[in-house]
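Engineer: Starting off with a structure, shown below.
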Amino acid sequence: MGATSAVTDANFASDVLQSDTPVLVDFWAEWCGPCRKVDMMLEEIASELGDKVRIVKLNIDENPETARAYRVLSVPTLTMFKGGEPVQSVAGARPKGDLIKLIETAM
Numbered sequence: 001m002g003a004t005s006a007v008t009d010a011n012f013a014s015d016v017l018q019s020d021t022p023v024l025v026d027f028w029a030e031w032c033g034p035c036r037k038v039d040m041m042l043e044e045i046a047s048e049l050g051d052k053v054r055i056v057k058l059n060i061d062e063n064p065e066t067a068r069a070y071r072v073l074s075v076p077t078l079t080m081f082k083g084g085e086p087v088q089s090v091a092g093a094r095p096k097g098d099l100i101k102l103i104e105t106a107m
């Protein structure tokens, strides 16, 4: 990973819910083909937006508690968090422009 970082069940609260910066969480899985497509776009977006937003990835197979808590039923699911609360979520691979709009909802 480059501009994005990984989160786990153990650090989700501190890294996402308690963040002063809006956070986009990519709920993904190793076996998910569309997740790999989204991953490249998220790296680009993270580099472009810099400190305006944090983009993190949570592997649902390795971290099932958080995935269950946010009712992630399919991957990729991208959820925007602001002030510790989810503000918008989309499921499935989306074009880069759609991902930027999702991020802008919390900025």
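Read in the UniProt record's numbering, the sequence shown has 71 at position 71, and its numbers run on one by one without any break. Note that the Cβ used here is the ideal one computed from N, Cα and C, for glycine as well.
Quick one: is Thr21 buried, meaning 16 or more other Cβ sit within 10 Å of its Cβ, or exposed?
Structural biologist: Here residue 21 refers to the residue found at position 21 of the sequence shown. Result: exposed.
Engineer: Find the nearest neighbour of Phe12 within the set Leu102, Tyr70, Trp31, Asp51, judged by alpha-carbon distance.
Structural biologist: Looking up residue 12 in the sequence shown gives position 12. Checked all of Leu102, Tyr70, Trp31, Asp51; the closest Cα to Phe12 is Tyr70.
Engineer: Identify whether Leu73 lies in helix, strand or coil by the three-state DSSP scheme.
Structural biologist: One-based indexing of the sequence shown puts residue 73 at position 73. In this structure, Leu73 counts as coil in the three-state DSSP scheme.
Engineer: Is Asn59 near Trp31, with beta carbons less than 8 Å apart?
Structural biologist: Taking the first residue of the sequence shown as position 1, residue 59 is located at position 59. Taking the first residue of the sequence shown as position 1, residue 31 is located at position 31. Against a cut-off of 8 Å, the Cβ pair of Trp31 and Asn59 comes out as no contact.
Engineer: Taking contact to mean at least 3 C-beta pairs separated by less than 8 Å, is the segment 43-50 in contact with the segment 73-83?
Structural biologist: Taking 8 Å as the limit for Cβ pairs, the verdict is that the segment 73-83 does not touch the segment 43-50.
Engineer: On the DSSP bridge list, what partners appear for Ser5?
Structural biologist: The sequence position of residue 5 within the sequence shown is 5, counting from 1. Beta-bridge pairing links Ser5 to Val56.
Engineer: When you compare each of Glu104, Gly33, Val56 to Ala6 by their alpha carbons, which one comes out closest?
Structural biologist: For the purposes of this step, residue 6 is taken as the residue at position 6 of the sequence shown. Answer by Cα proximity: Val56.
Engineer: Going by CA-CA distance only, name the one from Glu44, Pro76, Ile45 that's closest to Asp61.
Structural biologist: Looking up residue 61 in the sequence shown gives position 61. Checking every option, the nearest Cα to that of Asp61 belongs to Pro76.
Engineer: Give a yes or no on whether the C-beta atoms belonging to Leu17 and Gly92 are separated by under 8 Å.
Structural biologist: As a working mapping, residue 17 is identified with position 17 in the sequence shown. As a working mapping, residue 92 is identified with position 92 in the sequence shown. Not a contact, by the Cβ cut-off of 8 Å.
Engineer: Tell me whether Ala91 sits in a helix, a strand or coil according to DSSP, three-state version.
Structural biologist: In the sequence shown, counting from the first residue as 1, residue 91 sits at position 91. Looking at Ala91 - three-state DSSP - the assignment turns out to be strand.
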